[in-house]
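**Student:** Residues in the sequence shown are numbered from 4 upward in steps of one, following my numbering.
I'd like to ask you about the structure that follows.
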Amino acid sequence: MSDAPQAFHVSRYELERFMLAVLARAGADASSAEALTRALVTASRMGTDSHGLRLLPHYIRALQGGRIAGAPAMHFERRLPATGYLDAGDGFGHLAGYTAMEHAADMADEVGMGAVAVGRSSHFGAAGCYALAAAERGLIGLAVCNSDPFVLLHQGSRPFHGTNPIAFAAPVEGENPFLLDMATSSIPWNRVQQYGAIGRELPDQVAADSTGEVTRIPKEVAALLPLGGSDFGFKGAGLGSMVEVLSSTLSGMLNGFRLLPMGGPDMKTPRGASHFCLALRPDAFAPGDPFPECMRRYLEDLRAQPGRDGAQVMAPGDREWDCRARRDAEGIPLDSANQRAYAELAETLNVPALQPLA
């Protein structure tokens, strides 16, 4: 196989076509393939390639190895009017995340709020996808997930928490939703792998080597620092603990410290990851439904604040929506490492290769 060109761009529709075809060939049912494709393309359209298109080869390995069930027998139990539990059947976390948020949103439509704990799941990519699914229904959404240990505790010597992301989204009348999607580590682990693949140094105060010392070299990284770095990492470590309580502890699953590593080498044994999804109906709270107007005024005030050195002040999500508009117009870029990985998938699974935009 010849070396791929240095850079090319693909349309979201071509990326969707390729992902659906590859996943079907690898043994995923239609619901799983559609959920995974929706999540990966959503993330890459908004510029989060570390949790978007880059992960497809990993998910194919996990699916073919037996770690992830391609046709999971998911089961939802509504426990109380606003609570439920989703057994994800060791399927794709993306299908679990969207399914759980859909159940939470249905309960919120009915009784004002809904919360779903998810067990027996797997890595679900960008948490923002599921919070965004609630906002697209006019609801406030929150999604969190645990993962295997990548992150030092504050002043700790070895990884304990996962990157344990927090995602929050809220509807905004006439605009794209407010969207916060963040790891409780300084950066996500996938960013280390992404930078390593393209030979780029990491920022300072985000990662550590095997001795706990800060490093910027991806190949030396043995752990991530919690949000706040060496001096203020107690903040990120505390948020990581909160996510662990809402995900693994609430669902009765293993905490992240005891999960099998996402990267293997065991690609046969299900990992039992867990998530938590919450949906709130804004008009179920204050009389007269002031939320839409208050949200509008809040964002107007925020964006009107003066920036430092001519910088533009942006609300959570603004950068992502700008990136999505640009990538929808110009295409989604694939770096050389991803081009090679996608070419290999096309060859090994006998799927028509990804076609770049002219």
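Idealized CB from N, CA, C, for every residue including glycine.
Which residues does DSSP pair with Leu281 in a beta bridge?
**Tutor:** Beta-bridge pairing links Leu281 to Ala118, Leu145.
**Student:** Rounded to the nearest angstrom, what separates Pro221 and Asp234 at their Cα positions?
**Tutor:** Straight-line Cα distance between these residues: approximately 21 Å.
**Student:** Evaluate contact between the region 81-88 and the region 25-33, counting only Cβ atoms and requiring at least three cross-stretch pairs below 8 Å.
**Tutor:** Segments in contact, no.
**Student:** My assumption, with CB atoms under 8 Å, is that Ala170 sits in contact with Gly131. Please give the rounded CB distance.
**Tutor:** About 4 Å separates the two Cβ atoms, so the contact holds.
**Student:** How about Gly236 and Met256: are their beta carbons less than 8 Å apart?
**Tutor:** No. Outside cutoff.
**Student:** Once you ignore the five residues that flank Glu204 on each side, which residues in its own chain have a CB closer than 6 Å to its CB?
**Tutor:** Excluding positions up to five away in sequence, the list reads Arg219.
**Student:** Are Pro174 and Ala138 close, meaning C-beta to C-beta below 8 Å?
**Tutor:** Contact flag set, yes.
**Student:** Going along the chain, which unbroken runs of the alpha helix (DSSP H) with 4 or more residues stay wholly within the region 227-257?
**Tutor:** Whole alpha helix (DSSP H) segments, 4+ residues: 232-247.
**Student:** Using the C-alpha atoms, what's the distance from Thr351 back to Leu305?
**Tutor:** For Leu305 and Thr351, the distance between alpha carbons rounds to 50 Å.
**Student:** Considering only DSSP beta bridges, list what Phe79 is partnered with.
**Tutor:** DSSP lists Leu89 as partners of Phe79.
**Student:** Please name the residue in Arg41, Asp151, Ala340 whose C-alpha comes closest to that of Ala200.
**Tutor:** The shortest Cα separation from Ala200 among Arg41, Asp151, Ala340 belongs to Ala340.
**Student:** Along the beta strand (DSSP E) that carries Ile169, what are the first and last residues, could you check?
**Tutor:** 169-173 is the extent of the beta strand (DSSP E) around Ile169.
**Student:** If I follow the unbroken beta strand (DSSP E) through Met185, where does it start and stop?
**Tutor:** It spans 181-185 - the beta strand (DSSP E) in which Met185 sits, taken as one unbroken run.
**Student:** Within its chain, find whatever has a CB closer than 6 Å to the CB of Glu113; leave out the 5 residues flanking it on each side and keep chain order.
**Tutor:** Here the set comprises nothing.
**Student:** Work out the CA separation of His157 and Ser354 for me, nearest whole Å.
**Tutor:** Just to set this straight, residue 354 is Val in the shown sequence, not Ser. Looking at the two C-alpha atoms, the distance is approximately 46 Å.
**Student:** Count the other CB atoms, across all protein chains shown, that sit within 10 Å of the CB of Ala289; report buried if there are 16 or more and exposed otherwise.
**Tutor:** Answer is exposed; the Cβ neighbour count stays below 16.
**Student:** At the level of alpha carbons, what is the spacing between Ala99 and Asp312?
**Tutor:** Their backbone Cα atoms lie some 44 Å apart in a straight line.
**Student:** In terms of residue numbering, what span does the alpha helix (DSSP H) encompassing Val316 cover?
**Tutor:** It is not in any alpha helix (DSSP H) - Val316 carries neither H nor E in the DSSP assignment.
**Student:** May I ask which residues mark the beginning and end of the alpha helix (DSSP H) holding Ile63?
**Tutor:** Segment 59-68, the alpha helix (DSSP H) holding Ile63.
**Student:** From Val121 to Ser277, what does the alpha carbon distance come to, in whole angstroms?
**Tutor:** Between Val121 and Ser277, the C-alpha separation is close to 5 Å.
**Student:** Taking its Cβ as the centre, do 16 or more other Cβ atoms sit within 10 Å of His378, making it buried, or is it exposed?
**Tutor:** In this structure the chain extends from 4 to 361, so residue 378 is not present and cannot be described.
**Student:** Is Arg123 helix, strand or coil when you go by DSSP?
**Tutor:** Residue state, collapsed to three classes: strand.
**Student:** In three-state DSSP terms, what is Ala356?
**Tutor:** It is coil, neither helix nor strand.
**Student:** May I have the straight-line CA-CA distance separating Ala38 from Tyr101, to the nearest angstrom?
**Tutor:** Answer to the nearest angstrom: the Cα atoms are 7 Å apart.
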